[in-house]
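Engineer: The sequence shown maps to residues 1 to 281 in UniProt numbering. From the three backbone atoms N, C-alpha and C, an ideal C-beta is built for every residue, glycine too. Just so it is clear, the structure is predicted and the values come from calculations on it, not from any experiment.
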Amino acid sequence: MDNAARLLAQAMGPLLGQPMVIENRSGAGGAVGIDSVAKSSPDGLTLALGSTGAVAVNASLIPNLAYDPRRDLLPIGLVTGVPSLLVLRPGLALDSLAVLLDQARRKPGGLTFGSTGPGGTPHLAAELMKLRAGIDMVHVAYRGAAPAITALLANEVDCAFLDLGVLLPYVREGRLRPLGLTAAERSPALPAVPTMAEAGLPGVEVENWYALIGPAGIPPDRVARLAGAMQGAMAQPETARRYTDQGMRIIASGPEPAASFIRAEMEKWAEVVKRADIRPD
1 MDNAARLLAQ AMGPLLGQPM VIENRSGAGG AVGIDSVAKS SPDGLTLALG STGAVAVNAS
61 LIPNLAYDPR RDLLPIGLVT GVPSLLVLRP GLALDSLAVL LDQARRKPGG LTFGSTGPGG
121 TPHLAAELMK LRAGIDMVHV AYRGAAPAIT ALLANEVDCA FLDLGVLLPY VREGRLRPLG
181 LTAAERSPAL PAVPTMAEAG LPGVEVENWY ALIGPAGIPP DRVARLAGAM QGAMAQPETA
241 RRYTDQGMRI IASGPEPAAS FIRAEMEKWA EVVKRADIRP D
C-alpha cells in the first residue's frame, strides 16, 4: 500500500497545486490509519488510501471497530486494485486447480494454505475458494507476505493466495507455480495464467483494491476536485505504467461508483467472515 500511496501522491500533488505528505499509520489491519482519518476535520486535507480490509472487511471482522465505514467515511474514488494469485509450493506435484481441489476433497484437511494473517485478502480468497468448492484445508497464518512466501519456498505450506504484484518475480523465475488468478480477466503481467473461472472454479473473484477515502462531511466541491485530481493522475501514462508494472489494475472511478462498490464488498465479505467463522488475532 505504501508504494501505491506514494505513486498517487506524486502524481496528484501537482494537479492540486500543493504537495501531498505520506504518513504511515499501521496496525489492526489498517484500522488505526483509517480511524485517524475518520476522526479528522472534513476539510479535504486529510485523506487515506484505504484497502479492502480496512474499509470493507474490518466492520464484520473486528468487534467494536472504532469507526463505522458507512457513517464515518466518504469514498472519493477507487484508485487501483490487484488480484490474488493462487500458487503452489515447489515440491507439490499438482498440475492444475482441478487436481488440487480433487485432492482436497479426497483428503479433507490434508492440504495447508498460508496467508498474511486472519482476515487479510489472501485468507479471505482461500476461504472463498473453500466455500465455492466445498473443500476443507488447514489455514496457517503468517505476519505478512514475505514470511508466507518464505514458507512456500521452504515447503512448509502447500499453497497460498497472495497479491499478484508480490508474486510476479517468483512466478517468472519458476520458483512458484501459479494455478489461477482471482480476476474476471487474465493479467497482462502473466497472460498465460488462467483466471479461477477459466481453471474450473467460478465465483472466486478477489481484489485487494485501494480507495481514496476522506472523513464524512467534506464539501461536495472539494470532493469533486479531489476526485478529478485522482482521475487525472491515474490517466497519466507514466503513472499508469508504474502501477501496471506491479500487476495492479487501473480503476480511477468517481465517488458514487466507489461508494456503491464498497457497499457491495462489505456485504460480500461479511458473509464469508460469518460462514468461515474468521476471527482476528
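Check each candidate in Ala4, Ala5, Ile76, Ser36 and name the one with the smallest Cα separation from glutamate 256.
Structural biologist: Nearest of Ala4, Ala5, Ile76, Ser36 to glutamate 256, Cα basis: Ile76.
Engineer: Which whole-angstrom value is the C-beta distance of proline 69 and glycine 217, which I expect to be below 8 Å?
Structural biologist: Not a contact, Cβ separation roughly 15 Å.
Engineer: From glycine 91 to alanine 151, what distance separates their C-alpha atoms?
Structural biologist: If you take the alpha carbons of glycine 91 and alanine 151, they lie about 12 Å apart.
Engineer: Quick check for students: name the residue ranges of the alpha helix (DSSP H) that lie wholly in the segment 51–118, counting only runs of 4 or more.
Structural biologist: The qualifying runs are 58–61, 69–72, 97–106.
Engineer: Can you have a look at isoleucine 22 and say buried or exposed, based on whether 16 or more other CB atoms are within 10 angstroms of its CB?
Structural biologist: Answer is exposed; the Cβ neighbour count stays below 16.
Engineer: Note down the Cα distance separating glutamate 238 from valine 166, rounded to an integer number of angstroms.
Structural biologist: Near 21 Å, if we compare the C-alpha coordinates of valine 166 and glutamate 238.
Engineer: Between histidine 123 and the rest of its own chain, which residues show a CB-CB distance below 6 Å, the 5 nearest in sequence each way excluded?
Structural biologist: Hits under 6 Å: Ser115.
Engineer: Does the distance from the C-beta atom of valine 82 to that of asparagine 208 stay below 7 Å?
Structural biologist: Taking 7 Å as the Cβ cut-off, valine 82 and asparagine 208 qualify as a contacting pair.
Engineer: Kindly indicate which three-state DSSP category valine 140 falls into: helix, strand or coil?
Structural biologist: Correct three-state label for valine 140: strand.
Engineer: Less than 8 Å between the CB atoms is what I'm expecting for leucine 111 and phenylalanine 161, so what's the real figure, rounded?
Structural biologist: Wrong, their Cβ atoms sit about 13 Å apart, outside the cutoff.
Engineer: Assign glutamate 198 to one of three DSSP states: helix, strand, or coil.
Structural biologist: Three-state result, glutamate 198: coil.
Engineer: Tell me the DSSP secondary structure of isoleucine 34 in three-state form.
Structural biologist: Note: isoleucine 34 maps to helix in three-state DSSP.
Engineer: For leucine 245, which of helix, strand or coil comes out of DSSP?
Structural biologist: One detail in the question is off: residue 245 reads as aspartate in this sequence, not leucine. Residue state, collapsed to three classes: coil.
Engineer: CA-CA distance, arginine 175 and serine 60?
Structural biologist: Arginine 175 and serine 60: Cα-Cα distance of roughly 36 Å.
Engineer: Just the Cα atoms here: how many angstroms apart are valine 57 and alanine 276?
Structural biologist: Rounded to the nearest angstrom, the two C-alpha atoms are 13 Å apart.
Engineer: Looking only at its chain, what residues have a beta carbon closer than 6 Å to the beta carbon of threonine 52, apart from the 5 residues adjacent to it on each side?
Structural biologist: Closer than 6 Å at Cβ, skipping near neighbours: Thr121, Asn208, Trp209.
Engineer: Tell me, to the nearest whole angstrom, how far the beta carbon of methionine 230 is from that of methionine 20; I am working on the premise that it is less than 8 Å.
Structural biologist: With 8 Å as the limit, methionine 230 and methionine 20 do not qualify as a contact, their Cβ atoms being about 11 Å apart.
Engineer: Alpha carbon to alpha carbon, how far is leucine 171 from leucine 212?
Structural biologist: Residue identity differs from the one stated: residue 171 is valine in this sequence, not leucine. Roughly 30 Å separates the two Cα atoms.
Engineer: Among Ala233, Arg186, Val157, Ala189, whose alpha-carbon lies nearest the alpha-carbon of leucine 7?
Structural biologist: Taking only the C-alpha atoms, the option nearest leucine 7 is Ala233.
Engineer: Quick one: is leucine 47 buried, meaning 16 or more other Cβ sit within 10 Å of its Cβ, or exposed?
Structural biologist: By the 10 Å Cβ count, leucine 47 comes out buried.
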